[in-house]
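Participant:
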Amino acid sequence: MRGALQRGMPVLGICRGTQVLNVALGGTLHQHLPDILGHSGHRAGSGVFTRLPVHTASGTRLAELIGESADVPCYHHQAIDQVGEGLVVSAVDVDGVIEALELPGDTFVLAVQWHPEKSLDDLRLFKALVDAASGYAGRQSQAEPR
Numbered sequence: 002m003r004g005a006l007q008r009g010m011p012v013l014g015i016c017r018g019t020q021v022l023n024v025a026l027g028g029t030l031h032q033h034l035p036d037i038l039g040h041s042g043h044r045a046g047s048g049v050f051t052r053l054p055v056h057t058a059s060g061t062r063l064a065e066l067i068g069e070s071a072d073v074p075c076y077h078h079q080a081i082d083q084v085g086e087g088l089v090v091s092a093v094d095v096d097g098v099i100e101a102l103e104l105p106g107d108t109f110v111l112a113v114q115w116h117p118e119k120s121l122d123d124l125r126l127f128k129a130l131v132d133a134a135s136g137y138a139g140r141q142s143q144a145e146p147r
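Heads up, the sequence shown is in the working numbering, so the first residue is 2 and it goes up one at a time.
#1: DSSP has Ile99 in a bridge; who is on the other side?
#2: Going by C-alpha distance, which of Val73, Ser59, Ser91 and Gly68 is nearest Arg52?
#3: If you draw a straight line from the C-alpha of Val55 to the C-alpha of Ala5, how long is it?
#4: How should His77 be labelled, buried or exposed, when 16 other C-beta atoms within 10 angstroms of its C-beta is the threshold for buried?
#5: What is the rounded straight-line gap between the Cα of Lys128 and the Cα of His31?
#6: Name the two residues that bound the continuous alpha helix (DSSP H) containing Asp132.
#7: Nearest-angstrom Cα distance between Asp122 and Gln141?
#8: Short of 8 Å in beta carbon distance, which residues of its chain neighbour Ile67, apart from the five on each side in sequence? Order them along the chain.
#9: Give the range of the beta strand (DSSP E) segment to which Thr51 is assigned.
#10: In angstroms with no decimal places, state the Cα-to-Cα distance between Glu65 and Ala71.
Structure follows, in structure tokens:
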């Protein structure tokens with residue numbers, strides 16, 4: 002993760018990827034959400050995803066992509082506690098659990114606790130990553146000596 006960030010590579014973290022990004026930048030995790038919240042609503046169990054409403058922070062990349070709120074497929078028992086250096090919280094759920102983080106700036110670095118691969122509505126996240134990766138590849142090929 003640190004190498005990708007140092008190179009300015011686009012990053013889309015999903016579930017554990019959000020946690021890895023946060024910890025790589027000095028953040029911490031809640032190890033078991035049910036102990037914090039008193040319920041297991043973020044993880045129904047037996048591989049069943051729970052749909053939870055999330056609300057995005059205005060002015061964030063995520064808000065530009067999905068709007069001010071969305072119902073998202075969740076399946077996690079860990080979550081962000083202290084936010085890593087430079088990261089911005091871009092979405093929270095109804096329990097106040099941090100559901101998305103991003104790095105402000107020109108490089109596409111976005112991470113969501115939910116599983117966008119489970120919802121056609123979340124294709125926008127993947128399209129944004131592909132667009133950012135295409136731009137990154139173009140810049141890299143222009144920078145190579147000929």
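Glycine included, every Cβ here is placed at the ideal spot set by N, Cα and C.
Facilitator: Taking the definition as stated:
#1: Val93
#2: Val73
#3: 27 Å
#4: buried
#5: 30 Å
#6: Leu124 to Ala144
#7: 31 Å
#8: Thr57, Asp122, Asp123, Arg125 and Leu126
#9: Thr51 to Thr57
#10: 12 Å
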